[in-house]
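Everything in the sequence shown is counted per the working numbering, starting at 286 for the first residue and increasing by one.
From the three backbone atoms N, C-alpha and C, an ideal C-beta is built for every residue, glycine too.
Take a look at the structure set out below.
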Amino acid sequence: SALAIGPNILPVFEQLGLTSLLASISLPCPTLDIYDSNIKKMGTFKMKKQSEVTGYESLICSRPNLYELLLSQIQPHNLIMGKKILSYEENEFGVSVCCSDNTVYSGDILVGADGAYSRVRKNMFKKLRKRGLISKTQETESPVPCSVCWLGVAKSQDPEKYACLKEPYVNYSTVVGGNGLGWNVINIPDDQICWIFWKQLDISKVSEEGYFQNAEWASSNDDGIMQWFQEAPCPYGGAMGDLMKSTPPGLISKVFLQEQFFDTWHHGRCVLIGDACHIMLPGAGQGAMSAMQDAVVLANCLFEMKKLTTPTISAAFEDYQSQRFRHARVQFVKSKLMTRLLAGQSFIERISRRLILNFLPYAFQRRILEDITAYRPQAIFMPRAEVRGTGHVYPQKSNTQCMEDEARIRAANVWLKVNEK
Numbered sequence: 286s287a288l289a290i291g292p293n294i295l296p297v298f299e300q301l302g303l304t305s306l307l308a309s310i311s312l313p314c315p316t317l318d319i320y321d322s323n324i325k326k327m328g329t330f331k332m333k334k335q336s337e338v339t340g341y342e343s344l345i346c347s348r349p350n351l352y353e354l355l356l357s358q359i360q361p362h363n364l365i366m367g368k369k370i371l372s373y374e375e376n377e378f379g380v381s382v383c384c385s386d387n388t389v390y391s392g393d394i395l396v397g398a399d400g401a402y403s404r405v406r407k408n409m410f411k412k413l414r415k416r417g418l419i420s421k422t423q424e425t426e427s428p429v430p431c432s433v434c435w436l437g438v439a440k441s442q443d444p445e446k447y448a449c450l451k452e453p454y455v456n457y458s459t460v461v462g463g464n465g466l467g468w469n470v471i472n473i474p475d476d477q478i479c480w481i482f483w484k485q486l487d488i489s490k491v492s493e494e495g496y497f498q499n500a501e502w503a504s505s506n507d508d509g510i511m512q513w514f515q516e517a518p519c520p521y522g523g524a525m526g527d528l529m530k531s532t533p534p535g536l537i538s539k540v541f542l543q544e545q546f547f548d549t550w551h552h553g554r555c556v557l558i559g560d561a562c563h564i565m566l567p568g569a570g571q572g573a574m575s576a577m578q579d580a581v582v583l584a585n586c587l588f589e590m591k592k593l594t595t596p597t598i599s600a601a602f603e604d605y606q607s608q609r610f611r612h613a614r615v616q617f618v619k620s621k622l623m624t625r626l627l628a629g630q631s632f633i634e635r636i637s638r639r640l641i642l643n644f645l646p647y648a649f650q651r652r653i654l655e656d657i658t659a660y661r662p663q664a665i666f667m668p669r670a671e672v673r674g675t676g677h678v679y680p681q682k683s684n685t686q687c688m689e690d691e692a693r694i695r696a697a698n699v700w701l702k703v704n705e706k
């Protein structure tokens, strides 16, 4: 439902000239409030001074709105929708994908950006095992889900009923409900409210109970537990059922949350990005941002290629993984820790949450913030966005930074033109 876009990726939106459009569909998030099941505030994460360190506010928007913004920047004829890849084949000249409707598409490379249940990854690992390049026990593709989550975006609400909608910023509220239950509410522009409800699963019983049927996103408003959720109190006032009832069925989804970090991100002319190679828990809002960083770094590596041979492409993919692997691993660990902090319900997690929310010194919080936001990769084939804020920013591996005309010339010299049939 809601999606966070922070200083680690905002410079790229600035390079693309999309900051104004992004601002029109998002709101800044100065705080994150945590409540117990009786809507008694347990503590607050304060992010008001983040812009001083980073030069940017942390923004929150709805996922559908961001999709619409990005799609509006792409020529429709460059997109083919409604396809499901079954398999792919490659040789020294290129790669072809076979779809469920018997269509075949060919190109120079295949980028698997198809999510946690990536069909591209599944096919790539199958090829690697067949060739003895990874063992049968390596890169297990069936991680056990740790939570099941329902989420949606309610239609425009009455600001008189929900006073927080009158504010020019996000009121991010999380409820730790006990018994493995919890929920969030997040307001976004146009008086809409994103809501999320989750239930932690007993991992030892997941398979027995048939919770997980290998389906990622499925429309869901018929689960028995949702009846309980409708009566749960909303931090904005009223009950969560009020928001559910004003959410179009098409905007209610169900997802099984899991986490897994793969060590193999590419082979031959195929490469993985985002959830296809690192599945993160949503607590720290790192998943989507990490996927966008993958795309930026991969684009940089492809841009620096001199020719389109398989060895050159493989070298570019290896460069991409070497640049991203460590940072993605750090984001993966932080996502796990933040999710436990916000939603964990064990004794140790409850004590840790209380200590961090109420006794963590500001100087230490600032140091953590500076470390988290120092990694801000930019596209090397566009004019660089200026470094903002007082915090340190990690240098990028490539020293190349092309101006627009130079980038166009270099791209024309590298990429083969496809003959229109």
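Collapsing the DSSP output to three states places Lys591 in coil. The DSSP assignment places no complete run of the beta strand (DSSP E) inside the region 650 to 689 (cut-off: 3 residues). Ranked by how close their Cα comes to the Cα of Lys621, the residues Asn643, Glu544, His551 and Asp656 have Glu544 in first place.
In the pairwise beta carbon analysis, the region 320 to 327 is classified as not touching the region 586 to 601: fewer than three pairs are separated by under 8 Å. The region 342 to 351 makes no contact with the region 390 to 401, as fewer than three CB pairs between them are under 8 Å. Beta-bridge analysis with DSSP links Gly463 to Leu466. Positions of the alpha helix (DSSP H) runs, each at least 4 residues long and wholly inside the region 507 to 540, are given as 510 to 515 and 525 to 530 in order along the chain.
Distances from the alpha-carbon of Asp475 to those of Pro444, Phe482 and Met667 put Pro444 closest. DSSP places Val396 in no alpha helix (DSSP H) but in the uninterrupted beta strand (DSSP E) bounded by Leu395 to Gly397.
When secondary structure is reduced to three states using DSSP, Asn350 falls in the helix class. In the DSSP assignment, the residues bridged to Gln545 are Ile564. Per DSSP, reduced to three states, the secondary structure at Phe617 is helical. A direct Cα-Cα distance of roughly 13 Å separates Lys411 from Trp550. The beta carbon of Met574 lies closer than 6 Å to those of Asn293 and Ile294 in the same chain, with the five residues before and after it left out. In its chain, beyond the 5 residues on either side, Ser322 have a beta carbon closer than 6 Å to the beta carbon of Gly462. In the structure shown, Tyr647 adopts helical secondary structure according to DSSP, grouped into three states. Distances from the alpha-carbon of Asn472 to those of Leu317, Phe298, Tyr341 and Gly509 put Leu317 closest. Around the beta carbon of Gln335, a 10 Å sphere encloses 16 or more other beta carbons of the protein chains shown; the residue is thus reported as buried. DSSP, reduced to helix, strand and coil, places Lys421 outside both helices and strands of the structure shown, so it counts as coil. Selection Leu654, His677, Leu642 and Gln630 evaluated against Leu466 yields Gln630 as nearest (Cα-Cα). Under the DSSP assignment, Thr388 falls outside any alpha helix (DSSP H); it carries neither an H nor an E label. Cα atoms of Lys682 and Pro534: separation of roughly 46 Å, rounded to the nearest angstrom. Under the DSSP assignment, Leu557 falls in the beta strand (DSSP E) whose first and last residues are Cys555 to Leu557.
Here the alpha carbon of Gln608 sits roughly 9 Å from the alpha carbon of Leu583. With respect to the C-alpha of Val396, the residue from Thr624, Leu587, Ser637 and Arg651 having the closest C-alpha is Leu587. The alpha-carbon of Ser531 is positioned some 38 Å away from that of Arg614. The beta-carbon distance between Ala664 and Gln300, rounded to whole angstroms, is 6 Å. This is short enough to meet the 8 Å contact definition.
Under the DSSP assignment, Val455 falls outside any beta strand (DSSP E); it carries neither an H nor an E label. Selection Phe514, Cys449, Gly559 and Arg661 evaluated against Tyr679 yields Arg661 as nearest (Cα-Cα). The residue among Ile310, Gly553 and Leu303 with its C-alpha nearest the C-alpha of Asn408 is Gly553.
Shown here, Pro596 sits in a helix according to DSSP, grouped into three states. The three-state reading of DSSP puts Gln360 in coil, since its state is none of H, G, I, E or B. Exclusion of the five residues before and after Leu626 leaves Gly568, Glu634, Ser637, Arg638 and Ile641 as the residues of its chain whose Cβ lies within less than 8 Å of its Cβ. Your pair Gly570 and Ala289 checks out as a contact, with CB atoms roughly 3 Å apart and the cut at 8 Å. Scanning its chain for C-beta atoms nearer than 8 Å, with the 5 sequence neighbours on each side dropped, one finds around Gly379 the residues Ser391, Gly392, Asp393 and Arg554, in chain order. Nearest in C-alpha terms to Pro646, of all of Phe330, Phe541 and Gly559, is Phe330.
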